[in-house]
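If you read the protein sequences in the order shown, they are chains Z, E and R. The first sequence begins at 0 in numbering that gives the first Met the number 0 and counts up by one. The second sequence begins at 0 in numbering that gives the first Met the number 0 and counts up by one. The third sequence begins at 0 in numbering that gives the first Met the number 0 and counts up by one. Every residue, glycine too, gets a C-beta built ideally from N, C-alpha and C. Here the structure is laid out as structure tokens; the discussion comes afterwards.
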Amino acid sequence: MEIIRLENVGFQYKDYEGNVIEAVKNVSLTIDKGQFVAVLGRNGSGKSTLAKLLNALLLPTEGVVTVFGRDTSDADNLFEIRKNVGMVFQNPDNQMVASIVEDDIAFGPENIGIEREEIIARIEWVLKAVGMEEYRYAAPFKMSGGQKQRIAVAGILAMKPEVIIFDESTSMLDPEGRGEVMDVIKRLLKEGMTVIFITHDMNEAVEADRIIVLDKGSVVMDGKPETIFADERLPLYNLKLPLVTRIAKELKDGGLPINGSVTRLEALTEELCRLL
Amino acid sequence: MPIVVKNLSYTYMKGTPYEKQALNDVSLTINDGDFLGIIGATGSGKSTFVRHLNGLIKLTQGSIIADGIDLSAKKPDLKLLRRKIGMVFQYPESQLFAETVFKDVCYGPKNMKKSAEECEALAHEAIELAGLDFEAFKDRSPFELSGGEKRRVAIAGVIACKPEYLVLDEPSAGLDPKGKDEMYNLVLKIKASTSHTVVIISHDIDEIAEYADRIAVFDDGRIYADFKTADIGQYADGLKERGLDVPVTVKLRNALKLSEITGVRQNELIESILKYYKTSK
Amino acid sequence: MKDVTFGQYYPADSIVHRLDPRTKLLFTFFYIVAIFFIKSPLGYAGVAVYAVAIIFAARIPVRTVLKSLKAVIFLLLFTMILNVFFYKDGEVLIEFWKIKITVEGLFFSFTMALRLILLVMGTSLLTFTTTPTALTDAIEGLLKPLKYIGINVHDLAVIMSIALRFIPSIQEETEKIISAQKARGAEFDTGNIFKKAKAMLPILIPLFISSFRRADELALALDARCYNLSDKRTKMKILKYKKTDFAALFYALLFVGLIVADRIFLVNIDIIGLLR
């Protein structure tokens, strides 16, 4: 089922010197329910702008964005769209509004008018969903980046959205924190959540059902990870293959008769054990 | 001369309910010409450790002799120390402040009481070394540059004082894959020209294994291990036990269980596998 | 400044910690009123005993409370010296040039200092035993009637909550920038006042820029969590007075009453006369 549709969408703005910047150019795509979509691209390729167009934080200057059939440009739709399309940002510190975890989680549900008893029940449920039950009364400030980001996810989950967008939400985390957030995402996907994941970590993108590569505001690649990683153009967009795939490819180029596009270490090990 | 740290301990907010021991009896010698990678989980004491090296945190317990400067002395020459040991913090672009790139890069040399001519020469050299064209960038505002360029300007501002030792905390954080490669190439270039000893803190073990010659592993305020990068294979289990990652190359090598296959760096490993395949066939 | 404890929360489980934050706010208000009504030495003794009793009830080490005085030590000395020098009446103790120190002056400056000490001790007790969040809730709760004159108390509370939430983040950021500039050879404690002020620019400018960026990101995060999109907002936390709260308020009122009565009815003991 299609839940997000972009038709010839463009977004322009003027920088402080008055030059027109085209952050997103003529993008058309649809996203289906339950998909795990990774959006890749170099720094400044328009990934974040695209993400903000999906929950009406930005409105397209050209074309139409529809979410659940609702046009994001219509102010009457804002409430339904933002309630259903949650967003976790890059810097875990800059998206928390309260000094206590449960207060922060309650912020979204309070804003959309959920009853008190229901909010309290949801807090328990979302903290469990992100594996942070024992932190209900803790102060986010003292937590690790991974824990803070999980609290941010909990705050979004408490509004019961259909889609969650992660806008480079793992880029400031250590490997442990990244792992924690990825685990939460996998759990959400199992329960039918639609996830749009913006990153430049190829090892994370491997997990997605679909990868969209942006460059200079336009979609330059769109497909399954295997198709994207087999594409020779990747370096043109400042991207690199996941390390495992890179090793496999070089071994293949060096004369080893193996599959050069494996993405998992186990698969590569298996291939090599067969040969050596 | 080396930086010799002995029995260093440090406690934050001593005597309050928030008291936390960040370092516990840490001893480490950083030799001339080292490319040392420091790894460890968040909160393991890495940052507290490097902040001691140039006196940003006052020594309270233990001893540090950095390039002949004794930090346990009553009044160590911090100015000289900071000229010798440059420090690039995480997201260093957030320390930019001047209206032009040139002025920002001159800030360090000016603080070190260099003359205007010297400042200009040092800034010129540093900006070029950081991979930016001096004439094209010197009069631009640092705030209108791209993220990658800003970071280069910030690094230029640190290497402008020609430190003999350069400490970098997560220099590639937030950059795209190509940007990360370029950053490490820049570090290698700086190591070859001005700062012959480099210390890098990173969470990315694959990066560290690829570039560093020696690795120190921090765990809960202590040093768990300190070894040559080539020997990391022996520490794979210890790293895992401490919740740390093992380089993909080492994982692959250990899984293959073939003594003929060696190498931690990607090229070394690939070559070794190819050689083994050809000879065994 | 690290060991100054004024304004910090001191976690402990005590009857004072458990009181409703509105009670504590009102209690503190009455306490301050009482201090301004003290006249007799008996009054001072009464307030001091009262304050110490609460410190014990709150299970806070006396040392920690005394440390909170460090923050105002200069103010304290300044008022004392000013009062000693400018109090002209009474029996002269020492006289030189245009300065006259009198017995009454010494006594007066001593009582002023005592008043200030009691004031700081009492108010820091409020912050020691009440989390910033609870304090925000209390202010929102007590100011609620203002909405009838068109003041949006909720917005005010959100602003306060965010401000409190960001104090530690900005503190951390400031320390990081100071460290970074120090590492580039900056010195902040040399030269005259103009030089010092100029030396602060490399800290203040990056701090301003990062704070603006934070504010920008935070605004987006608030929008993404449906802030102010609907007027059917709910509230998770509802403050409720308990028996102990009524008891505490009763004691506070009784206490103010006694101090006022002391001022009005009791004959002031002439300490200076007795000393003579």
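Are residue i and residue j closer than 8 angstroms when you measure CB to CB?
| i | j | result |
| --- | --- | --- |
| A155/E | A125/E | yes |
| T298/R | D244/R | Nothing about residue 298/R can be reported from this structure: the residues present for chain R run from 0 to 275 only. |
| V25/E | I63/E | no |
| F127/R | Y9/R | yes |
| I150/R | Q94/E | no |
| A179/R | F96/E | no |
| T244/Z | V261/Z | yes |
| L203/R | L25/R | no |
| V61/R | I54/R | yes |
| Y223/E | G237/E | yes |
| D281/E | R151/E | Lying before the first or after the last residue shown, residue 281/E is absent from chain E, which here runs from 0 to 280. |
| N53/E | I84/E | yes |
| S114/E | E163/E | no |
| V38/Z | L213/Z | yes |
Does residue i pass the burial test, meaning 16 or more other C-beta atoms within 10 Å, or should it be called exposed?
| i | result |
| --- | --- |
| S44/Z | buried |
| K147/Z | buried |
| N266/E | exposed |
| M192/Z | buried |
| T228/E | buried |
| E139/R | buried |
| T226/Z | exposed |
| Y17/E | exposed |
| A74/Z | exposed |
| K280/E | exposed |
| E206/E | buried |
| F29/R | buried |
| I263/R | exposed |
| A65/E | buried |
| L18/R | buried |
| G287/E | Here chain E covers residues 0 to 280 and nothing more, so residue 287/E does not appear. |
| R263/Z | exposed |
| A278/Z | Since the displayed chain Z opens at 0 and closes at 275, residue 278/Z lies outside it and no answer follows. |
| N90/Z | buried |
| I60/E | Correcting the residue identity first, residue 60/E is Gln in this sequence and not Ile. The residue in question, Q60/E, is exposed, as its Cβ has fewer than 16 Cβ neighbours within 10 Å. |
| P144/R | exposed |
| I34/R | buried |
| E249/Z | buried |
Among the residues of its own chain, which have a CB less than 7 angstroms from the CB of residue i, if the five just before and after it don't count?
| i | result |
| --- | --- |
| R58/R | A11, S13 |
| F10/Z | A22, V23, T48, L52, L57, P59, T60 |
| K149/E | E92, L95, P141 |
| D230/Z | M220 |
| A211/E | F34, L35, G36, I199, T228 |
| Y234/E | A224, F226 |
| F36/R | I258, V259, R262 |
Got a sec? Which residues, its chain only, sit under 8 angstroms from residue i by beta carbon, not counting five neighbours each side?
| i | result |
| --- | --- |
| E161/Z | I2, K32, F67, N83, V84, M192, T193 |
| D76/E | I68 |
| I116/R | L68, L75 |
| A215/E | L27, L35, G36, I37, I38, I222, A224, D225 |
Using a Cβ cut-off of 7 angstroms, which residues of the segment 200-216 of chain Z contact any Cβ in chain E, in chain order? M201
When you compare the segment 155-164 of chain Z with the segment 104-121 of chain Z, are there three or more beta-carbon pairs, one atom per stretch, that lie closer than 8 angstroms? yes
Compile a chain-ordered list of the residues in the segment 200-232 of chain R whose CB is closer than 9 angstroms to at least one CB of chain Z. R212, R213, A214, D215, E216, L217, L219, A220, L221, D222, A223, R224, C225, Y226, N227, L228, S229, D230, K231, R232
Which residues, in order along the segment 123-150 of chain Z, keep a beta-carbon less than 7 angstroms from a beta-carbon of chain R? F140
Contact set between the segment 39-53 of chain Z and chain R, restricted to residues whose Cβ is under 7 angstroms from the partner: none
Are at least three pairs of beta-carbons, each pair with one atom in the segment 188-195 of chain E and one in the segment 7-15 of chain E, less than 8 angstroms apart? no
Kindly confirm or deny that the segment 119-135 of chain E and the segment 101-108 of chain E touch, where touching means at least three C-beta pairs closer than 8 angstroms. yes
The segment 232-260 of chain R: positions lying closer than 8 angstroms to chain Z by Cβ: R232, T233, K234, M235, K236, I237
If you measure beta-carbon to beta-carbon, which residues of the segment 101-117 of chain Z are closer than 8 angstroms to chain R? E101, D102, A105, F106, G107, P108, E109, N110, I111, G112, I113, E114, R115
Pairs of beta-carbons, one from the segment 245-255 of chain Z and one from the segment 268-276 of chain E, closer than 8 angstroms: are there three or more? yes
Contact between the segment 174-184 of chain Z and the segment 193-209 of chain Z (3+ Cβ pairs under 8 angstroms): yes
If the cut-off is 8 angstroms on Cβ atoms, which residues from the segment 171-197 of chain Z count as contacting chain E, listed in chain order? M171, D173, P174, E175, G176
Could you tell me whether the segment 252-263 of chain E touches the segment 83-93 of chain R, using the rule of 3 or more Cβ pairs below 8 angstroms? no
Closer than 8 angstroms, Cβ to Cβ, to anything on chain E: give me those residues from the segment 237-256 of chain Z, in chain order. N237, L238, K239, L242, V243, R245, I246, E249, L250, G253, G254, L255
Relative to chain Z, which residues along the segment 160-176 of chain R have a C-beta separation below 7 angstroms, given in chain order? S160, I161, L163, R164, P167, S168
Using a Cβ cut-off of 8 angstroms, which residues of the segment 21-35 of chain Z contact any Cβ in chain R, in chain order? none
Residues from the segment 93-115 of chain E in contact with chain R, defined by Cβ distance under 7 angstroms: S93, Q94, L95, F96, Y106, G107, N110, M111
Contact list for the segment 256-272 of chain Z against chain E, Cβ threshold 8 angstroms: L264, L267, T268, L271, C272
In chain order, what residues of the segment 82-96 of chain R put their CB closer than 7 angstroms to some CB of chain Z? none
Residues of the segment 140-174 of chain E with a CB closer than 8 angstroms to any CB of chain R: list them in chain order, please. F142, G156, V157, C160
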